[in-house]
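A.B. asks: Numbering (full-length UniProt numbering), first residue to last: 1 to 216. The beta-carbon is built from N, C-alpha and C at its ideal position, and this holds for glycine as well. Here the structure is a predicted model, which means the values were calculated and not measured. One structure, pasted below without further comment.
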C-alpha cells in the first residue's frame, strides 16, 4: 500500500521534522508541501490524487481550520489530520466541526504518527490521548454559546440568591420566610423577580438554571 500524503504547514523547521519522521516508512510518499492554506488549495487543484493531508492550524493567509473546511467540501475523499503544538479546546472543536479526521500533537513520535496515518486511512481517527479526553469532555458538555452570552446578564441580589438556595432545598414560601426573617409576600416578590431575571416559569427551572450558571 502506497499512501500519498501532503503537508500544509508554514513552519519549515517542523515540515522537515515531519519529513524525517516519515522517512522511516516506505509505504508513505510525500507528494507536495505547501506553506499556507491557499497555497495548499492551489496545489490540491493541480494534484488531488492524494490520500491524506497533515495540516497545521495556525497559518498565515488561510488557517488550517478554514482550509480543512474547503478541502472537505471539494475533495471529501482526502483525509485530514490536524497537527498542532497546542491541544486547546477551542481549536479541537473547530477542527472537528470543519471535518478533520484526526488530531495529533506536533511532537508525536514517528511510530505514533505512522500508526495515526494508517488508522485514519482505514476509517478510524488518529487522536493523541489528551486530545481524545478533551474531545469527549466537549461532547459531554458542549459549550452553549447562548449560555455564555447570558451568563453576564443574570444579576441576582444577595437576598434573591438566599431565597433561591432555600427554594433549591424544596422548602415552602412560609418556611423560607421564617428562615430568612421575611414576610411570605416579600418572599413571593423575590421569587417573581428571580423568575423574571432567569426567564423561567417554575421553581424547578429556576433552580436548574441557577445551578447551571453557578449562581447557587
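Could you name the residues that DSSP lists as bridge partners for residue 29?
C.D. replies: Residue 29 is bridged to 4.
A.B. asks: Suppose the cutoff is 7 Å on Cβ atoms and the five residues either side in sequence are ignored; what does the same chain contact list for residue 145 look like?
C.D. replies: Summary for residue 145: the model assigns pLDDT 49, below 50, so the residue's position carries little reliability, and this model does not support an answer.
A.B. asks: Got a sec, what are the start and stop residues for the alpha helix (DSSP H) residue 116 sits in?
C.D. replies: Looking at the DSSP string, the run of the alpha helix (DSSP H) that includes residue 116 is 110 to 121.
A.B. asks: Got a sec, what are the start and stop residues for the beta strand (DSSP E) residue 102 sits in?
C.D. replies: Segment 102 to 105, the beta strand (DSSP E) holding residue 102.
A.B. asks: Tell me whether residue 133 is buried or exposed, calling it buried when 16 or more other Cβ atoms sit within 10 Å of its Cβ.
C.D. replies: Looking at its Cβ environment, which holds fewer than 16 other Cβ atoms inside 10 Å, residue 133 is exposed.
A.B. asks: Starting from residue 79, follow its DSSP beta bridges and name the residues at the other end.
C.D. replies: Looking at the DSSP assignment, residue 79 forms a beta bridge with 52.
A.B. asks: Measure the alpha-carbon distance for residue 177 versus residue 212 and round it to whole angstroms.
C.D. replies: One C-alpha to the other measures close to 25 Å.
A.B. asks: Using a threshold of 8 Å, state whether the C-beta atoms of residue 37 and residue 63 are closer than that.
C.D. replies: In this structure, residue 63 lies closer than 8 Å to residue 37 by Cβ.
A.B. asks: Across which residues does DSSP place residue 34 in a beta bridge pair?
C.D. replies: Paired residue(s): 8.
A.B. asks: What are the start and end residues of the alpha helix (DSSP H) that includes residue 70?
C.D. replies: Looking at the DSSP string, the run of the alpha helix (DSSP H) that includes residue 70 is 64 to 74.
A.B. asks: According to DSSP, which residues form a beta bridge with residue 59?
C.D. replies: Paired residues: none, contrary to the question.
A.B. asks: Look up residue 127 in the DSSP assignment and give the residues it is bridged to.
C.D. replies: 103, per the DSSP bridge assignment.
A.B. asks: Quick check on the burial criterion: 16 or more other C-beta atoms within 10 angstroms. Buried or exposed for residue 40?
C.D. replies: Buried.
A.B. asks: Would residue 101 and residue 80 qualify as a contact pair, given that the criterion is a beta-carbon distance under 8 Å?
C.D. replies: In contact: residue 101 and residue 80 (Cβ atoms closer than 8 Å).
A.B. asks: Just to confirm before moving on: does the CB-CB distance between residue 29 and residue 14 stay below 8 Å?
C.D. replies: It is not a contact, given that the beta carbons lie outside the stated cut-off.
A.B. asks: Between 200, 185 and 116, which has its C-alpha nearest residue 154's C-alpha?
C.D. replies: Per the Cα distances, 200.
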